[in-house]
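Trainee: Here it is, the structure, as structure tokens.
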Amino acid sequence: MAMSANTRTTAKLLTLAVGMLGFALFVMPPLYDAFCEITGLNGKTGGRYEAVPAAVDTQRTVKVQFVASNNENMPWEFKPGVVELKVHPGEAVDTVFHARNPTDRDMVGQAIPSLVPFKAASYFHKTECFCFNQQTLAAGETAELGLRFIVDPDLPPGVNTITLSYTLFDVTDRIAQQTQNKKADASPI
78 MAMSANTRTT
88 AKLLTLAVGM
98 LGFALFVMPP
108 LYDAFCEITG
118 LNGKTGGRYE
128 AVPAAVDTQR
138 TVKVQFVASN
148 NENMPWEFKP
158 GVVELKVHPG
168 EAVDTVFHAR
178 NPTDRDMVGQ
188 AIPSLVPFKA
198 ASYFHKTECF
208 CFNQQTLAAG
218 ETAELGLRFI
228 VDPDLPPGVN
238 TITLSYTLFD
248 VTDRIAQQTQ
258 NKKADASPI
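The numbering of the sequence shown is this note's numbering, which starts it at 78 and goes up by one.
What follows is the structure in structure tokens.
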């Protein structure tokens, strides 16, 4: 029995839709990450940076601003210790962010950084950062979250202000699910 034209069209459209979904879910995220890493767009900062001795440019001062925000489902209080620092390119600088879990349950948070202007992302190096690890706070607990960074002396001359922003996400349920899956995988059959 031959398929009708409507059935063939429906099958083609369904195949196209599934293909587009697969492309969006599995191909685009790694391409986007690679694009952002290469171009510095989206202000994504790199991971841990291994500092190498470099001359500090005392002739130049760069203003670094700090912003903290919570994802809509994160109830923690989260803020920078200072909102602005003036630094010399090449010098290692330490600062902190403050977090408090006001809830009555233990929670796990993950901070995701973003930096503007985008072109400065490859010149802003974090040697130590609370964003490298998830942060666990017990009910009512507070913490100082450390950040050490270096603004690269090769930062383009037109960049005089850098804004580093962190968004804090609640990953408690995700961590609990991962722990539960590991226990299930480790249990004998």
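All residues carry an ideal CB built from backbone N, CA and C; glycine is no exception.
Report yes if the C-beta distance between Val170 and Leu162 is below 8 angstroms; otherwise report no.
Mentor: yes
Trainee: For Phe226, which beta-bridge partners are listed by DSSP?
Mentor: Its beta-bridge partners are Val170 and Lys203.
Trainee: Assign Ile115 to one of three DSSP states: helix, strand, or coil.
Mentor: Confidence is the limiting factor: at Ile115 the pLDDT is only 46, short of 50, which leaves the residue's position unreliable, though a coordinate-based value still follows. If DSSP states are grouped into helix, strand and coil, Ile115 belongs with the helices.
Trainee: Under the three-state reduction of DSSP, which class applies to Arg182: helix, strand or coil?
Mentor: coil
Trainee: If you measure between the beta carbons of Pro152 and Pro190, is that distance less than 8 angstroms?
Mentor: no
Trainee: Whole-angstrom Cβ separation of Leu245 and Gly186, contact assumed at under 8 angstroms?
Mentor: 5 angstroms
Trainee: If you follow the beta strand (DSSP E) that Leu241 is part of, which residue opens it and which one closes it?
Mentor: The continuous beta strand (DSSP E) containing Leu241 extends over residues Thr238 to Asp247.
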